[in-house]
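Accompanying notes for the structure given below.
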Ligand code: NAD
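Numbering (the UniProt record's numbering), first residue to last: 1 to 492.
Structure follows, in structure tokens:
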């Protein structure tokens, strides 16, 4: 990598690169070197206002005149452009975020699928005719909600842009994207690449900035019709208050503390491989992490022993190195949070089985060892709170009733997984687990076709699949009177 600082001094509004009002730059830290490696323009409430107005002008202007098929064609082109630029984007993302290059590359290639899926769906958004009365024609239209404000987190930036841009634009909306201040770099590249996809100016606007300034003014702006947010539930609560100003539509994808349940009749080799990856992928910086692993008591000892052996083989390393399994945390704040929870786990009396500190071989960088606590109490903070780091809490259980009760006894409800060969048990748990996405004999196989989102504090609304498309539309009901009879006149 060149040692020169990557500079993105302008924001993208109305199809043009403009100076931010503040004149300031956000400094982005490379989590390996702990040094500034990129600078990105910092938008404030004035820039947000200009961006929202540009998005509104595009919504009522050229974008409205595009057919749905034409919108789909540009989305497909955007998917192609992502693939053509995948290596460069992955390189930038890895430097900004610390996720291994092989993961960011895979993620960007997968993101193209969101554009292809919603490109195909764009001209299949249709209303219904409703047989409510023989003397009337009643039908619904699905119309775009208008200007969408997308507020995204730092852990998987390009996925999060794709999950929001593709369905929002397919449904005919325009969008203002406020990326996370910790990882803003690839949002600037997405803005640049969107110009080649042929969207009219103002359809996609990108305004990096801080959450409490740029994010909050987007949520408050009276001309924004919907906020699509991914991040912490406490931020969602604040956005909900801000969005109340004009009763914006909101969708929230928040955190999780997913139960991952291994029954004694499971295919234990498969379950072990998947449980390991699910608990430590992306250095634990994933909302769907299988962070509470419930293992049935009669297989507990053997299963946990094997899992710990595998954890010792996870290669923590330089994210650009192709052999690395997990890179550093994205930020010092996240590293500190993980280390703090490791201390909490020890104080709470859980058994620290492996990991628990920063690896000694690195003199700098936000690295941390994959860490496992066993004999964890489900009521402890270690088991109840989202750490967002590579810290696995393993909890033994005896019966189906016990594990169901413990699995649901948490404030989150994003995903849950279970491993069993008993089909009755599998479907009973699928029905009774309080989470928006249940995996049986697999773990969170996220896919563009599958609605994804949470119960409880894990969110509100769903992303992905046709469910997400509908959430970017308003339903309008139209009734046409076909009768020649005089209307009844109650005031006569
Ligand atoms: P965060 O809530 O701190 O920030 C997310 C975004 O919100 C950022 O762009 C930030 O600038 C902005 N923001 C902050 N304060 C704001 C405010 N007052 N008003 C408006 N916007 C504001 O979250 P994070 O730390 O970036 O991300 C980690 C969280 O995201 C975790 O809880 C994780 O589980 C969750 N997450 C969920 C999913 C999912 O799909 N469910 C996916 C990824 C991450």
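Note that the Cβ used here is the ideal one computed from N, Cα and C, for glycine as well.
{"query": "Judging by CA-CA distance, which residue of 468, 456, 459 is the nearest neighbour of residue 447?", "result": "468"}
{"query": "So the beta strand (DSSP E) residue 249 belongs to, where does it begin and stop?", "result": "249-253"}
{"query": "In the DSSP assignment, find the unbroken alpha helix (DSSP H) run with residue 266 in it and report its ends.", "result": "From DSSP, residue 266 is part of no alpha helix (DSSP H); its letter is neither H nor E."}
{"query": "Are there any heavy atoms of ligand 1 lying less than 7 Å away from the beta-carbon of residue 11, as far as the coordinates show?", "result": "no"}
{"query": "Quick check: what's the CA-CA separation for residue 399 versus residue 371?", "result": "27 Å"}
{"query": "Buried or exposed for residue 13, please, with buried defined as at least 16 other CB atoms from any protein chain shown within 10 angstroms of its CB.", "result": "buried"}
{"query": "Using only the heavy atoms of ligand 1, determine whether one of them is closer than 7 Å to the beta carbon of residue 99.", "result": "no"}
{"query": "Report the three-state DSSP secondary structure of residue 187 (helix, strand or coil).", "result": "helix"}
{"query": "Count the C-beta pairs between the region 281-292 and the region 151-159 that are closer than 8 Å, then say yes if the count reaches three, no if not.", "result": "yes"}
{"query": "Are at least three pairs of beta-carbons, each pair with one atom in the region 118-128 and one in the region 339-355, less than 8 Å apart?", "result": "no"}
{"query": "Where does the unbroken beta strand (DSSP E) through residue 417 begin, and where does it stop?", "result": "415-419"}
{"query": "Is the shortest distance between the beta-carbon of residue 325 and the beta-carbons of chain C less than 8 Å?", "result": "Reference to chain C is not applicable here, since this structure consists of a single protein chain."}
{"query": "Under 8 Å, do residue 415 and residue 393 count as touching if we go by C-beta distance?", "result": "no"}
{"query": "Three or more C-beta pairs closer than 8 Å, one from the region 401-414 and one from the region 353-361: is that the case here?", "result": "no"}
{"query": "In the structure shown, what three-state DSSP assignment does residue 157 receive?", "result": "helix"}
{"query": "For ligand 1, any of its heavy atoms closer than 7 Å to the Cβ of residue 451?", "result": "no"}
{"query": "Among 487, 64, 330, whose alpha-carbon lies nearest the alpha-carbon of residue 35?", "result": "330"}
{"query": "Assuming the contact rule is C-beta atoms closer than 8 Å, residue 178 and residue 218 should be a hit. Round their C-beta distance to whole Å, please.", "result": "5 Å"}
{"query": "Going by Cα to Cα distance, which pick from 299, 376, 324, 369 is closest to residue 349?", "result": "376"}
{"query": "Residues in its own chain within less than 7 Å of residue 407 by CB, not counting five upstream and five downstream?", "result": "259, 261, 294, 416, 433"}
{"query": "Taking the straight line between their C-alpha atoms, what separation do you get for residue 396 and residue 427?", "result": "22 Å"}
{"query": "Does residue 324 come out as helix, strand or coil in the three-state DSSP assignment?", "result": "coil"}
{"query": "Could you check whether the region 190-201 touches the region 71-86, counting it as contact only if at least three pairs of C-beta atoms, one from each stretch, sit closer than 8 Å?", "result": "yes"}
{"query": "Would the beta-carbon of residue 414 be found less than 7 Å away from any heavy atom of ligand 1?", "result": "yes"}
{"query": "Could you have a look at residue 21 and say whether DSSP puts it in helix, strand or coil?", "result": "coil"}
{"query": "Let me know if residue 117 comes out buried or exposed under the rule of 16 or more other beta-carbons within 10 Å of its beta-carbon.", "result": "buried"}
{"query": "Around the Cβ of residue 221, are there at least 16 other Cβ atoms within 10 angstroms (buried) or fewer (exposed)?", "result": "buried"}
{"query": "Going by beta carbon distance, what residues of the same chain come within less than 7 Å of residue 187, once the five residues before and after it are set aside?", "result": "157, 161, 177, 179, 206, 208"}
{"query": "Can you name the start and end residues of the beta strand (DSSP E) that residue 177 belongs to?", "result": "174-178"}
{"query": "Are the CB atoms of residue 41 and residue 9 nearer to each other than 8 Å?", "result": "yes"}
{"query": "Is the beta carbon of residue 155 within less than 7 Å of some heavy atom of ligand 1?", "result": "yes"}
{"query": "I'd like to check one pair, residue 443 with residue 291: are the Cβ atoms closer than 8 Å?", "result": "no"}
{"query": "Are the beta-carbon atoms belonging to residue 476 and residue 128 less than 8 Å from one another?", "result": "no"}
{"query": "For residue 150, count neighbouring C-beta atoms within 10 Å of its own C-beta (all shown protein chains included) and say buried if the count is 16 or more, exposed if not.", "result": "buried"}
{"query": "Consult DSSP for residue 392 and reduce its assignment to one of helix, strand or coil.", "result": "strand"}
{"query": "Beta carbon of residue 240, beta carbon of residue 32: below 8 Å?", "result": "no"}
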